[in-house]
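Visitor: Okay, handing you the structure first.
Residue numbers (UniProt numbering): 1 to 897.
This is the structure:
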């Protein structure tokens, strides 16, 4: 780039002085507005070009350097990137390895390696040794053999991906480290990125990295006195590997999780790596001395890096989110017409993005991470711990597992041999709170709060949110009169009620595909929920029906991992209390005696029956009391006329009446399932009642639609959920005495889980995942539990093939959970837990198959099997009796006791 009007910067110019010149406008960096098509050089500096807003986005080119919001950020990224890109070459040059791979020759062992004399590390284990050879091959490539080199590297990647589940923890970590090196190699050869399947590298690192990360449990790791250096090395290498994964996705345009690019998902936090003195390759005696000096009482540093918080800080200082900030201002056509203080309206409509800036706080980031990891921590450490204070005492929570219908109760039964306790320790749901609130969602004064609640997205985004709600949610969730709302939406003088408006925008954000929303969905929903819920708690709305509608709309948002003071069960409980107070449960049919106008009667019935469906499914999922008491309600069932809208009372064809009607009928059957599992009836179920419920479900199944649209798929999924919840208690030997045919119950449960999988795969493959309500997460978790039980049963019968088939179904189901996580963060918790169990099941099945092929298995028992069942089931993390006898092996009932 030519620059003849100004002398170049002096050679002695420092970074700070250069930035000072740039900040005064004396010099600009035009290449920051490009997509990094070439490496910037000193000649890129120019006075005549300006820094455009284009710098605020990423390059959107896989594995290319990310755009940076500041000049200092660019220089920092360049230095860091150059350092990180040198790691692959360190694998095959000299004796200095990348700082997340520890040389084995220092640890000693049966084979002594003199790596220093050799000038290279001959001690590398197989996976890393192959990786070193791949790097050497890459370094020596030519244009003629470049394709062969990459095919070889990706073949090794495929092998690691295929065999990963059969590795132990140490080899799994080595596989993660090797994939990191391969990703860095691919980033160095940007011309081949499009030809190669580079995205698969990221997916592989996500899958295997998450599994290893959860196994090592970095966040709670300690360093007790006397810990072996090998164990310490394994944990420390894991910590450093997680850190380098974060650094790579911060510097390069790649995300190793399926979540919003503003979060780090499974790699959300990690302990700070140790000091250099402990990582240096010194003798074991010297290392022990240093370790005892740094940790005299055996404790670790305890300092946790929250990557999501760091990332949010880095990208919120100068980059605004598309909806939550610059677009989230009050439109003049609405704010100026809604009455109230004119000065406030003027300020709200004209405020700059910084006035309404949405900051994702550290607490929110930590809470989001706990939403995704709390379930795994609970299952791994809280379920079978003999110590009540297994989690941090100051932050300990307890969890009520619910009645036998609850998914959580059956999850606990995977470990408990007897009836589990009702209350168990649970990890914290959110970070500790100060005694005095420091802010309200980041807003520090009442004026900000008042203005914030009235802020709306830009017109384009707002239209997309409203359309998305009525196209994808409203057909099966018809709690709003669409004709009236759209009329108010178009009227500048009489806009929709603010609480209802914000609630619809919130629900619409759940399913909206607008780029400004889809790229930051969780941030957008958190912002809209903040505004809508503040309006709700401020009691700004006078119409109590709007309060009910808003509470129902709030069920489309997961605030955090707390399902007691938040989530669907909480908001539905509030909605029901208001509804009972208003009399929505009483007969308001056209023939009933009431002075309410017909249009209001219709809306009352629509809200009541929609609320009824959501409440029943929420109670079924959580195993908690249902707010519905049909003995106190005589509200008439929905009819097509209830969806008449407008002055001409035309029927809204967009509403799926058949779906709503059939789902209501199914909910009446589910109410019976809830009743037979209540505390007063669960210990003595009536076989005749169960048979009656089975008959009702069979009659319902005959009328299930055969179409493959979303609402038909969801209805079939709901039906199979009910079938599974009815029979999965009876499929356990502890309950078999009360069930006429326990084997039939097991088969029905297995079939139901497969049907749920089929429905979810259809929904995901056709792009309908966002339309799933919270029942989608409940269905996936119920099916995952059942498939795990099926795999366990197959293993006890010695059938490795059946166990592998079940494990394959679990993998397919977890892919659905990963897709659903984009919309429901709680699906990430289900995926994280069962992904680990899936790998362990596959490993166990392969081991069993190998043992079966080399040992003659007798039908009478397992005396000839030659298998260490204690070690096997310890690794699988299930509490199972190993006291076998001939009858036990044939019957397999011991497995469920």
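By construction, the Cβ of each residue, glycine as well, lies at the ideal position given by its N, Cα and C atoms.
1. How close, in whole Å, do the beta carbons of residue 715 and residue 772 come, if the pair is a contact with beta carbons under 8 Å?
2. According to DSSP, is residue 585 helix, strand or coil?
3. DSSP three-state label for residue 126, please.
4. What distance in whole Å lies between the Cβ atoms of residue 515 and residue 610, which are believed to be in contact at a cut-off of 8 Å?
5. Return yes when the Cβ of residue 827 is within less than 8 Å of the Cβ of residue 780, no when it is not.
6. Residues in the same chain with beta-carbon distance under 7 Å from residue 130, minus the five sequence neighbours each way, listed in chain order, please.
7. Using 8 Å as the cut-off, can you tell me whether the segment 651 to 658 makes contact with the segment 617 to 625, which would need three or more C-beta pairs spanning the two stretches below that distance?
8. Over what stretch of residues does the alpha helix (DSSP H) that includes residue 642 continue unbroken?
9. Go to residue 898, then tell me how far its alpha helix (DSSP H) extends in each direction, as first and last residue.
10. Kindly give me the distance between the Cβ atoms of residue 462 and residue 505, rounded to whole angstroms, as I take these residues to be in contact under 8 Å.
11. Enumerate in chain order the residues of its own chain whose CB-to-CB distance from residue 647 is below 6 Å, with the five nearest sequence positions on each side excluded.
12. If you pair each beta-carbon of the segment 529 to 548 with each one of the segment 564 to 584, do three or more pairs fall below 8 Å?
13. Among 241, 253, 164, which has the Cα closest to the Cα of residue 190?
14. Where does residue 162 land, buried or exposed, given buried means 16+ other C-beta within 10 angstroms?
15. For residue 595, count the other beta carbons within 10 Å of its own beta carbon; 16 or more makes it buried, fewer makes it exposed. Which is it?
16. According to DSSP, simplified to helix, strand and coil, what is residue 65?
17. Can the beta-carbon of residue 549 be found less than 8 Å from the beta-carbon of residue 607?
18. Here's the rule I'm using: 16 or more other beta-carbon atoms within 10 Å means buried, otherwise exposed. How should residue 708 be labelled?
19. If you draw a straight line from the C-alpha of residue 53 to the C-alpha of residue 562, how long is it?
20. Going by beta carbon distance, what residues of the same chain come within less than 8 Å of residue 671, once the five residues before and after it are set aside?
21. Provide the residue(s) that pair with residue 651 in DSSP beta bridges, ordered along the chain.
22. Under the three-state reduction of DSSP, which class applies to residue 97: helix, strand or coil?
23. Skipping 5 residues on each side, what residues in its chain have a beta carbon closer than 6 Å to that of residue 468?
24. With three or more C-beta pairs closer than 8 Å as the rule, is the segment 170 to 184 touching the segment 82 to 100?
25. In the DSSP assignment, the alpha helix (DSSP H) including residue 746 goes from what residue to what residue?
26. If I'm right that residue 123 touches residue 104 with Cβ under 8 Å, what's the distance once you round it to whole angstroms?
27. Just checking, does the segment 517 to 530 make contact with the segment 571 to 578 on the three C-beta pairs under 8 Å criterion?
28. Keeping to the same chain, check which residues put their C-beta closer than 8 Å to that of residue 115; ignore five residues upstream and five downstream.
29. Could you tell me which of 783, 787, 674 sits nearest to residue 802, measuring between CA atoms?
30. Kindly give me the distance between the Cβ atoms of residue 97 and residue 173, rounded to whole angstroms, as I take these residues to be in contact under 8 Å.
31. Kindly indicate which three-state DSSP category residue 252 falls into: helix, strand or coil?
32. Which value, in whole angstroms, describes the spacing of the CA atoms of residue 452 and residue 498?
33. Whose CA, out of 165, 76, 489, 587, lies closest to the CA of residue 634?
34. Under a three-way DSSP split, which group does residue 487 fall into?
35. Does the distance from the C-beta atom of residue 795 to that of residue 844 stay below 8 Å?
36. Please report the straight-line C-alpha distance between residue 977 and residue 805, rounded to a whole angstrom.
Guide: Short version:
1. Actually they do not touch by this definition, with Cβ atoms about 12 Å apart.
2. coil
3. helix
4. Contact flag wrong, Cβ pair sits at about 30 Å.
5. yes
6. 156
7. no
8. No alpha helix (DSSP H) holds residue 642; DSSP gives it neither H nor E.
9. Residue 898 is absent from the model: the chain starts at 1 and stops at 897.
10. 7 Å
11. none
12. yes
13. 253
14. exposed
15. exposed
16. strand
17. yes
18. exposed
19. Summary for residue 53: the model assigns pLDDT 33, below 50, so the residue's position carries little reliability; its value from the coordinates is reported in the next sentence. The alpha-carbon atoms of residue 53 and residue 562 are separated by roughly 39 Å.
20. 616, 626, 628, 630
21. 644
22. coil
23. 508, 511, 512
24. yes
25. 742 to 765
26. 4 Å
27. no
28. 95, 103, 105, 121, 122, 123
29. 787
30. Contact doesn't hold; Cβ gap of about 14 Å is too wide.
31. strand
32. 12 Å
33. 587
34. helix
35. yes
36. Examination of residue 977 is not possible in this model, given that the chain is present from 1 through 897 alone.
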